[in-house]
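In this text, residue positions in the sequence shown follow the working numbering: the first is -7, and each later residue adds one.
Report on the following structure.
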Amino acid sequence: MKLTFILSSRIIQYVLVVVACCMSLSVSSQQDFNHFQTLVAQGTISDDFTKTTRDKILEDKGTRSDLTTTQERVFLEGIHQGIDQLLHSGSVIYGDEISLYVQAVAANLLKDEPELLGELRFYTLKSNETNALSTDQGIIFVTTGLISQLTSEAQLAYILSHEIVHYSEKHVIETFDWKNNNKYERDRIEKLSAHTKEHEFEADKLALKRYHAAGYSDDEIISTFDVLMYSYLPFDEVEFPMSYYSTEKMYIPESFFATKKYPVKAEEDYNDARSSHPNIKKRKDAALEAFSDYNDWGTVINSQGESKFIYVRNLARFESLRTDIIDANFGQALYSIFLLEREFPQSVYLKRMKAQAWLGLTQFKVENMESKSIPASSDYEGESAALYFFLKKLNDNAVFALAIRNIYDIKKELPEDEVIEGVMVRLLETMADNEQFTLTKYAKKNFHESAELAKPKVDTAQVAETPKTEDQKSKYEKIKTKKTVGNDSFDSTKFYFYGLSDVMLDSAFILKFNEISKRIKAEKEEKINLSKLSKKERYELEKANKKEGVNTLAMGLDKYILVQPGMVYYRRNGLDRDQSEKSLKDLYAVLEETSAELGITQTTLDQNSLATDGTLAFNERNTLYSMLEQTAHYEGVEAYPIDHDALKEIEQHYGTSNILFTAVEHYYDPEINPLLIWVSVVLFPTLPITVLGYLPAKLLTGHHSEITVLVLNATDGKLAKSSQTDMRNKPLKHYLGAHYYKVLSLLQQAPNQ
């Protein structure tokens, strides 16, 4: 079902980017994977998160003696702005079990270099990219995607040793110097993690020294490169059986499953001419050559124990599943669930994620967006391809049936689970809103029962030596031998109509669907009546509504959580950070003053609140960012919030489910028509009019301040209200004040008032 208030993903992504641009150790007991909860930051928050980008730049100013003043400014702005955007993206955590495990491995590598260890900080980045990143500031990020793919602690140790070399050898600043002297990359930093091939070879070679000294096994080094080469595949390769979905309740013909294997296509010796990294074969060969420099290799594979490594890797794998749901990668999520269920068959978390995946898959199918949620056939590789092949073969009715089948069965297991109930309601809303879905099409007998009933009935009183042809049969014989089930002809290719027999006999399910259908139908009829109006009639209605004061933003807003407002101020030559910060202060003041004047309670979760409220505020803000990110990836489809339980805690903490995101982007574009100027020059008599009238008007009205306001509901993840306005002025405080007063007062008004 599309959002009532249509909102393009571009707008939400824009809010995320604008907010990011403005950003400038006790451990809990081990997780129970049957009731997994996403990892959160633990312990005391560090200056990396609480200091502003401006303060960090000022502190580092004058420390780069090998750079000119201009080069230093560009370098410092580049590394701090980029890294701060990542730190405040909602995907980074600290002090969690993965971060502490990584830190312990690093401590083992640097046991003889305590000073260097003290310069480094290790943070977990929730991303399915298989990557580790070291920064000039001494921060090393390790992704959950990387941890999920590893087979030993030793592999992690070699990767960390590699990243530590990048930091200790100042490869970031050397990379900047190289780009600064390259005519195609002058005065800019493209990627913070980009290094030259020479730096990669150097890091691989020097990493061996610390790795060897820590006693790790040399056998794990080459396998580390294998991890990197095959990291684009799921974290394990297990054959996907037909029996996983084809069951006694839901029979699925073999023709819907792949009959061939899809080979893995990765090659070691690929063309790396356009890559910042040398190919895997070259790196392997160089590492093997460097082995000769070391003797007496150790045998350590998991210094902290194999069970500890597997536990941490499972944490990362559960997190990778959550990331797939946020990113709307439902096909990959379902394969990950299949893999994890082998070890955790009773996990409530996996059941919740499976329900979420089937809901999302159905929603994307209805909106013809399934290509965004299932890998393309050209990308089929390995064992997971069998699942993707199967999902691609399903038509709308088949997806509906499998979604109901899976979510219904899960709800039977977990009848009191709020998430499963919410997902089921959202699924029924989606189906009730779809004209192709008709519940009565689904039979009350399963496939095998229906097939048995469809067999021709033999009249034992009549024995025919030779079966009659269809032309020889009488009307009554044709009727008696017709393959029917109830009122519908049995069709084995439409297996999905026979996979919900028990559901169709569940009166409570039927009643709930009918109630939701009735509500959806009434809502649609109201929209249809409006759509039938002519352009003139719609104009007259809008005019009348405006005259009568009809308020489409009315929601009775009396309290809200403001999440990190954003302000970017662009001039013709790019972003003006000083003006952006000044205008952001005005925006904060306007929101606080306006809310107070209207009697609306405002609570702010932003970088400033981290200094006072610390890790709790940091985790709450991360949760709200994840909700916004999920909404963006679903592109107008009503996503069921991935962090339902955490959002519920935030709602209870602040006494409101209203989450307000807002951002302002200023740019200057006078939109002068060059053709008109040319005509004015050629046709001299019109030139004075152009000079005195057209040009001044365009120059004065060339300022654009695009203001976006979103209110999301933390309870169900739905977009409650949205507003986007192009204010044709600079974002001065009095203009902002007038605009936000209008928007907040409209939001404050009760519906139907």
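Backbone N, C-alpha and C define an ideal beta-carbon position, used for all residues, glycine too.
Item                                                                                                              : Value
First and last residue of the uninterrupted beta strand (DSSP E) at Val560                                        : 558 to 563
For Glu698 and Phe133, the rounded distance between their alpha carbons                                           : 34 Å
Spatially closest choice to Asp319 from Leu724, Asn721, Ala730, Pro633, by CA coordinates                         : Pro633
Counterpart residues of Glu698 in DSSP-defined beta bridges                                                       : Glu657, Asp718
Residue nearest to Asp288 in terms of C-alpha spacing, selected from Leu200, Tyr660, Leu554                       : Leu200
Continuous alpha helix (DSSP H) stretch holding Thr604: start and end                                             : 599 to 625
Spatial neighbours of Glu121 in its chain, beta-carbon cut-off 7 Å, leaving aside the 5 residues before and after : Thr135, Gly137
Which of helix, strand or coil DSSP assigns to Asn294                                                             : coil
Where the alpha helix (DSSP H) containing Thr61 begins and where it ends                                          : 61 to 79
Option in Glu298, Ser215, Lys577, Asn294 with minimal Cα separation from Glu260                                   : Ser215
Three-state secondary structure assigned by DSSP to Leu102                                                        : coil
Residue of Arg275, Asp661, Ser140 minimising C-alpha distance to Val304                                           : Ser140
Cβ pair Leu102, Leu92 closer than 9 Å                                                                             : no
Minimum C-alpha distance to Glu333 - residue among Phe25, Gly558, Lys276                                          : Phe25
6 Å CB neighbourhood of Pro723 in its chain, flanking five on each side removed                                   : Ser575, Val656, His658, Ser697
Beta-carbon separation (whole angstroms), Glu194 vs Glu161, contact threshold 8 Å                                 : 7 Å
Option nearest Phe439 by Cα separation, candidates Asp483, Glu427, Phe283                                         : Asp483
Meets three-Cβ-pair contact criterion under 8 Å: the stretch 614 to 634 and the stretch 73 to 93                  : yes
Selection from Leu220, Thr291, Leu492, Asp47 that minimises the alpha carbon distance to Gly747                   : Since the displayed the chain opens at -7 and closes at 745, residue 747 lies outside it and no answer follows.
Assigned secondary structure, Ile396 (DSSP; H/G/I helix, E/B strand, else coil)                                   : helix
Ile412 and Leu492 closer than 9 Å at C-beta                                                                       : no
Whole-angstrom distance between Arg309 and Gly323, CA atom to CA atom                                             : 15 Å
CA-to-CA distance, His625 to Thr354, given in whole angstroms                                                     : 15 Å
Strand pairing of Phe133, partner residues [DSSP]                                                                 : Tyr115, Leu125
Where Thr596 falls: helix, strand or coil (DSSP)                                                                  : strand
Nearest-angstrom Cα separation, counted from Gln348 out to Phe356                                                 : 12 Å
Distance between Lys734 and Ser582 (C-alpha atoms, nearest Å)                                                     : According to the sequence displayed, residue 582 carries Val and not Ser. The straight-line gap from Cα to Cα measures roughly 12 Å.
Per-residue DSSP class, three states only, for Ala500                                                             : helix
Beta carbon of Ala609 nearer than 9 Å to that of Leu597                                                           : yes
Strand pairing of Tyr208, partner residues [DSSP]                                                                 : Val292
Closest residue to Arg344 among Glu359, Lys384, Thr60, Asn398 (Cα-Cα distance)                                    : Asn398
Asn506, DSSP secondary structure in three states                                                                  : helix
Bridge-paired residues (DSSP) for Ile651                                                                          : Ile553, Leu704
9 Å Cβ cutoff met for Gln23 and Leu307                                                                            : yes
Nearest-angstrom Cβ-Cβ length linking Lys257 and Glu373, presumed shorter than 8 Å                                : 6 Å
Straight-line Cα distance separating Tyr660 from Arg563                                                           : 6 Å
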